[in-house]
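Visitor: Here it is, the structure, as structure tokens.
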Amino acid sequence: MTVNQNELLSALVDGELTGRELDDALHLLDTNEQARMQLQRYQRGSDVMHEHGLAHHQIDLTGRISAVIEDEETYSSITEANKNTAQIIAFPKQFWKQAASLAVAASIGALAVVGVMTQPQNQLVPTAQMASVEVETTPMVVAQTGKRWTVQEQEVEERLNNYLVDHNEYAGASGVFSYARVVSYDMGQ
Amino acid sequence: MRILLQTIVSCSVLLMSFSSHADAEAMQTFERMCTAAKQLNYDGVFSYQTGNKLQSIRIIHRADQQGEVEHLISLSGVAREVIRSNDKVINIYPEGETVQENHRPLGRGFPSDLIRRLKSASDYYQLSLGKQERVASHYTQELVATPIDNYRYGYRLWVEKDNDLLLQSDMVDDKNNVLETFYFSSVEVGGDISETSLKPQMQGNEMAWSRSGQGEVIKPAPKNNSIWRIVWLPEGFDLVTQQNRFKARNGAAIEQQVYSDGLSSFSIFIEKIRARHSHLHGGSKMGAVNAFGTIMNAHFITVVGNVPARTVEKVGKSIQYQGIE
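These protein sequence lines are chains A and B, in that order.
Residue numbering for the first sequence follows the working numbering, beginning at 168 and increasing consecutively.
Residue numbering for the second sequence follows the working numbering, beginning at 898 and increasing consecutively.
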């Protein structure tokens, strides 16, 4: 591994490469096992720096979740007076109304994606197109059944699901149930 | 004569204003529905149906002075769970033996924009009251939101008449076909929610615990600072928020731009490519959610939203890179 190659991989991890340099980096990874190992080291380093590491622990799940919840700051404007009643409130406070719906949508969405992201990937019916970064002009075939994201590569499906979770944070008032659509895949498959 | 003229003009303006916006009573119902979901305690089971697929989920929601806590449990298949406490969301994946802890990306910064969203929705949908029907043994008022064009879906919502909780939601296309429906099969509203019912059912074993960072929220309207230009948007869709954050697994930077007309919304995700990965090229869908993906200048570009395929595709194809080549 030359200094230039190391710099190239480091820049790749930092997302700084485009065009020819990106092609060179990808070619290097394709042809050089040492480069692939070096990339993993860089990525681990980057993850640690950004505190994105995934740790395995023997945990007391209930206790830890409770601790996390209790640690959460609160910001509700709800009072005892209006606790169990739904009322029309003045416009300046209306944001609380939709915030409720958004919050529900977010949670349902998270639940939904749990189901999709853990599905086996061997039941897919190809109907749509995919492309890799390297071979953008040679699309791969993926599925589109209308019940879920159906792609041949799990990483693509996971990316779409993550996007869907993030998006559903903002699905409007009628999106109270919007994320549950994803859960349906779990049935009858 | 002058006073009479002023009166006529004033009445005309009032009438035009009323007719160009939603039915007033329908709008009030819509507002109350939004409030109820946040302020009520409820414990129920709702179903989602599209085609011949059906999924049931139990939802337990408690609101008090500390805010909201919510527990969702999948009743079909694996008992997946979600616990949300205000803007913190914990996902429990029994099959994958993992727990994910996330912050809602925009946390408490986002709701301030909802006033504008709620107002703007009525410009692009005709809100009207429908029939009164029973859902989950409750009497409801149907609320119909009909879109002005085919770049967004329509909605039919059934709102409980006494407590205003949304009990059923149908999303319909431009031919009035129901694309998907969510409905409570049973729900109890207003009772006490015990602490126990909000705790996870699954006990901990060997679990992987991952945590994603909070996004760096960029306030709306920083478009001119972006290196990405969205050339085409459907009428009424505006940027409601934008954020940059790191992807949990590999730390890749992701920019998310959220556009909404008040009811429908889509997000544009722009993710730096950090290594060789595959990405969606073209359109895909899941239920009524459509996505369009492409790759541009070493970035994954993805448009995702509860809007028709033609919308995400047209938006996706209009995105232009304006940075340095």
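We treat Cβ as the ideally placed atom computed from N, Cα and C, and that holds for glycine.
Fair warning: this is a prediction, and the values are worked out from it, not measured in the lab.
1) With distances taken Cα to Cα, identify the nearest neighbour of H1176 (chain B) among A:L327, A:L176 and A:R203.
2) Compare the C-beta of D333 (chain A) against all C-beta atoms of chain B and say whether one is closer than 7 Å.
3) Let me know the secondary structure DSSP gives H1178 (chain B) once reduced to three states.
4) Grouping DSSP H, G and I as helix and E and B as strand, with all else coil, what is N1187 (chain B)?
5) Quick check: what's the CA-CA separation for E200 (chain A) versus L189 (chain A)?
6) Quick check: the region 1083–1097 of chain B against the region 1184–1198 of chain B, are there 3 or more CB pairs under 8 Å?
7) For T926 (chain B), would you say it is in contact with chain A, using Cβ-to-Cβ distances shorter than 7 Å as the test?
8) Roughly how far, in whole angstroms, is the beta-carbon of N1194 (chain B) from the beta-carbon of G1220 (chain B), given that I think they are within contact range, below 8 Å?
9) Step through the CB atoms of chain A and report whether any lies within less than 7 Å of the CB of Q1153 (chain B).
10) Could you check if D1010 (chain B) is buried or exposed, using at least 16 other CB atoms within 10 Å of its CB as the buried criterion?
11) Would you verify that the beta carbon of E320 (chain A) is, or is not, closer than 7 Å to some beta carbon of chain B?
12) Mapping the DSSP letters down to three states, classify E165 (chain A) as helix, strand or coil.
13) Please decide whether L1177 (chain B) counts as near chain A, where near means a Cβ-Cβ distance under 7 Å.
14) Does V1137 (chain B) pass the burial test, meaning 16 or more other C-beta atoms within 10 Å, or should it be called exposed?
15) Whose Cβ in chain B lies nearer than 9 Å to the Cβ of L327 (chain A)?
16) Any contact of the region 970–977 of chain B with the region 1121–1132 of chain B, i.e. 3+ C-beta pairs under 8 Å?
17) Taking just the CA atoms, how far does R187 (chain A) sit from K935 (chain B)?
18) Please identify, using Cβ separations under 7 Å, the residues of the region 185–202 of chain A that lie next to chain B, in order along the chain.
19) Name the residues in the region 1022–1047 of chain B whose C-beta lies less than 7 Å from a C-beta of chain A; which are they?
20) Report the residue from B:L1054, B:V1086 and B:V1204 whose alpha carbon sits nearest the alpha carbon of T1078 (chain B).
21) Would you report the Cα separation of G1169 (chain B) and G1159 (chain B), rounded to the nearest angstrom?
22) How far does the beta strand (DSSP E) with E1092 (chain B) in it reach, from first residue to last?
23) Shorter than 7 Å from the beta carbon of F1081 (chain B) to some beta carbon of chain A?
24) Taking C-beta pairs closer than 8 Å, name the residues in chain A that S1164 (chain B) reaches, listed in chain order.
25) Verify the CB distance criterion: does P1119 (chain B) have a CB-CB separation below 7 Å to chain A?
26) Mark Q1035 (chain B) as exposed unless 16 or more other C-beta atoms lie within 10 angstroms of its C-beta, in which case mark it buried.
27) Please report how far the alpha carbon of F927 (chain B) lies from the alpha carbon of Q946 (chain B), in whole angstroms.
28) From the DSSP output, which residues share a beta bridge with K1169 (chain B)?
29) Going by DSSP in three states, E928 (chain B) sits in which element: helix, strand or coil?
30) I'd like to confirm the pairing. Which residues does DSSP put opposite L1136 (chain B) in its beta bridges?
31) Pick out whichever of B:Y939, B:I1192 and B:S1215 has its Cα sitting closest to the Cα of N1060 (chain B).
32) What span of residues does the beta strand (DSSP E) with T1043 (chain B) cover, start to end?
33) Please report the residue range of the alpha helix (DSSP H) in which G974 (chain B) lies.
34) Among B:S1162, B:S1181, B:D920 and B:H1174, which has the Cα closest to the Cα of F1197 (chain B)?
Guide: Answer, in terms of the structure:
1) Here residue 1176 (chain B) corresponds to residue number 279 of the second sequence, with the count starting at 1. Nearest C-alpha to H1176 (chain B): A:L327.
2) Sequence index remark: in the first sequence, residue 333 (chain A) carries index 166 (1-based). It does: the Cβ of D333 (chain A) has a partner Cβ on chain B nearer than 7 Å.
3) By 1-based counting over the second sequence, the position of residue 1178 (chain B) is 281. H1178 (chain B): coil per DSSP, three-state reduction.
4) Counting from 1 along the second sequence, the entry for residue 1187 (chain B) is found at position 290. Residue state, collapsed to three classes: strand.
5) The count along the first sequence starts at 1 and reaches residue 200 (chain A) at position 33. The count along the first sequence starts at 1 and reaches residue 189 (chain A) at position 22. Looking at the two C-alpha atoms, the distance is approximately 18 Å.
6) no
7) Here residue 926 (chain B) refers to the residue found at position 29 of the second sequence. False, the Cβ-Cβ gap to chain A never drops below 7 Å.
8) Looking up residue 1194 (chain B) in the second sequence gives position 297. Looking up residue 1220 (chain B) in the second sequence gives position 323. That belief holds up - the Cβ atoms of N1194 (chain B) and G1220 (chain B) are roughly 7 Å apart, short of 8 Å.
9) Sequence index remark: in the second sequence, residue 1153 (chain B) carries index 256 (1-based). So, interface residue.
10) Taking the second sequence and counting its residues from 1, the one referred to as residue 1010 (chain B) is at position 113. With a pLDDT of only 43 at D1010 (chain B), under 50, the local geometry of the prediction cannot be trusted, and the value read off the model is given with reservation. Flag for D1010 (chain B) reads buried.
11) Working through the first sequence from its first residue, we reach residue 320 (chain A) at position 153. So, interface residue.
12) Residue 165 (chain A) lies beyond the range of chain A shown here (168 to 356); nothing can be said about it.
13) Looking up residue 1177 (chain B) in the second sequence gives position 280. Closer than 7 Å: yes.
14) Looking up residue 1137 (chain B) in the second sequence gives position 240. Per the 10 Å Cβ criterion, buried.
15) For the purposes of this step, residue 327 (chain A) is taken as the residue at position 160 of the first sequence. Simply L1177, S1181, M1183, A1188, G1190, T1199 and V1201.
16) no
17) In the second sequence, counting from the first residue as 1, residue 935 (chain B) sits at position 38. In the first sequence, counting from the first residue as 1, residue 187 (chain A) sits at position 20. Each residue's Cα considered, the two are about 52 Å apart.
18) T185, L189, L193 and L196
19) none
20) On the second sequence, residue 1078 (chain B) is found 181 positions in, with the first residue counted as 1. When each option's Cα is compared against that of T1078 (chain B), the closest is B:L1054.
21) On the second sequence, residue 1169 (chain B) is found 272 positions in, with the first residue counted as 1. On the second sequence, residue 1159 (chain B) is found 262 positions in, with the first residue counted as 1. The question names Gly, but residue 1169 (chain B) is Lys in the sequence shown. Taking the straight line joining both Cα atoms gives about 29 Å.
22) The count along the second sequence starts at 1 and reaches residue 1092 (chain B) at position 195. Segment: none, E1092 (chain B) is in no beta strand (DSSP E) and carries neither H nor E.
23) Translated into positions along the second sequence, residue 1081 (chain B) becomes position 184. Chain A, which has no Cβ nearer than 7 Å to the Cβ of F1081 (chain B), makes this no.
24) The count along the second sequence starts at 1 and reaches residue 1164 (chain B) at position 267. Per Cβ cutoff of 8 Å: Y330, D333, H334 and Y337.
25) For the purposes of this step, residue 1119 (chain B) is identified with residue 222 of the second sequence, where counting begins at 1. Bear in mind that a pLDDT of 45 at P1119 (chain B), under 50, signals an unreliable position, so the number given afterwards is only what the model happens to contain. With 7 Å as the cut-off, P1119 (chain B) does not count as an interface residue toward chain A.
26) Against the second sequence, residue 1035 (chain B) aligns to sequence position 138. Note on residue identity: the sequence assigns His, not Gln, to residue 1035 (chain B). Buried, by the Cβ-count rule.
27) On the second sequence, position 30 is the one that residue 927 (chain B) refers to. On the second sequence, position 49 is the one that residue 946 (chain B) refers to. Their Cα atoms are separated by approximately 23 Å.
28) Position 272 of the second sequence, counted from the first residue, corresponds to residue 1169 (chain B). Answer is B:H1196, bridged to K1169 (chain B).
29) Taking the first residue of the second sequence as 1, we reach residue 928 (chain B) at position 31. Helix, per DSSP.
30) Here residue 1136 (chain B) refers to the residue found at position 239 when the second sequence is read from its first residue. B:Y1156.
31) Numbered from 1 along the second sequence, position 163 holds the residue referred to as residue 1060 (chain B). Nearest of B:Y939, B:I1192 and B:S1215 to N1060 (chain B), Cα basis: B:Y939.
32) Counting from 1 along the second sequence, the entry for residue 1043 (chain B) is found at position 146. Start and end: H1035 to P1044.
33) Position 77 of the second sequence, counted from the first residue, corresponds to residue 974 (chain B). G974 (chain B) -> no alpha helix (DSSP H), and no H or E assigned at all.
34) For the purposes of this step, residue 1197 (chain B) is taken as residue 300 along the second sequence, with counting starting at 1. Among B:S1162, B:S1181, B:D920 and B:H1174, the Cα nearest to that of F1197 (chain B) belongs to B:H1174.
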